[in-house]
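To start, the structure itself, in structure tokens.
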Amino acid sequence: MNNDAKKAVLRMIPYGIYVLTADDGKGNVAAATVNWVTQSAFAPPLVVVGVKADSGTYETVKAARVFALNMLGKDQKNLAFTFFRPVDVTDGKLSGQAYRKGDSGAPILADAPGAVECRVTEIIAQGDHHIVVGEVIEAHLNRPISGRPDTAILEMKDLGDNVFYGG
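Okay, so the sequence shown: first residue is 301 according to our numbering, each after it adds one.
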């Protein structure tokens, strides 16, 4: 396989930017920027997320069996970069960001335009990122969206010409 072609073609897939959060109730809180996300079913509403298998975030989601996907707005590049690093839970904030616990216990970022809380229904353990399937059990719209909802979120391409994930 031509690795340069593979990388270029796989990077043609458009990616939104999200912050996945989880709290296992035992002192382990996760918050990480993710982008391999899609809705996979309407009934029940399911989303799938690729989560790095050797990460603390993966271990916390696996233990908690619930997570939240916090959607980032076009103006929230700083939050994407904040959660590229391990989360720091200090003074009731996640890496300096205000949050509240959702109905599932997963952290919901106060400044995210919206979020969904999900119950883990399956984990497919293949490759260096495992696929976490989550059933949407709650949705939060933290501020009104004008226009198409799918144009309101931050996308990988918005982070700059040198920021890629995939390929």
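Backbone N, C-alpha and C fix where the C-beta goes; we use that ideal spot for every residue, glycine too.
According to DSSP, R365 shares a beta bridge with no other residue. Of all alpha-carbon atoms in M312, L454, A332 and H430, the one lying nearest the alpha-carbon of R385 is that of A332.
When only Cα atoms are considered, A353 and L459 end up about 24 Å apart.
Using a Cβ distance threshold of 9 Å, V436 and L346 count as a contacting pair. Taking a 10 Å sphere around the C-beta of F383, we find 16 or more other C-beta atoms and assign the residue as buried. Counting only the Cα atoms, A439 lies some 12 Å from A412.
Taking one beta carbon from each stretch, the region 350 to 364 and the region 418 to 428 have 3 or more pairs nearer than 8 Å; the two touch. In this structure L369 is in contact with Y318, their Cβ atoms being roughly 5 Å apart against a cut-off of 8 Å.
Every beta strand (DSSP E) of 3 residues or more that sits fully in the region 370 to 416 is shown, in chain order, as 397 to 401 and 407 to 409. Judged by beta-carbon spacing, G414 lies beyond the 9 Å limit of M456, meaning their Cβ atoms are not closer than that value.
The Cβ-Cβ distance between V329 and L394 falls below 9 Å.
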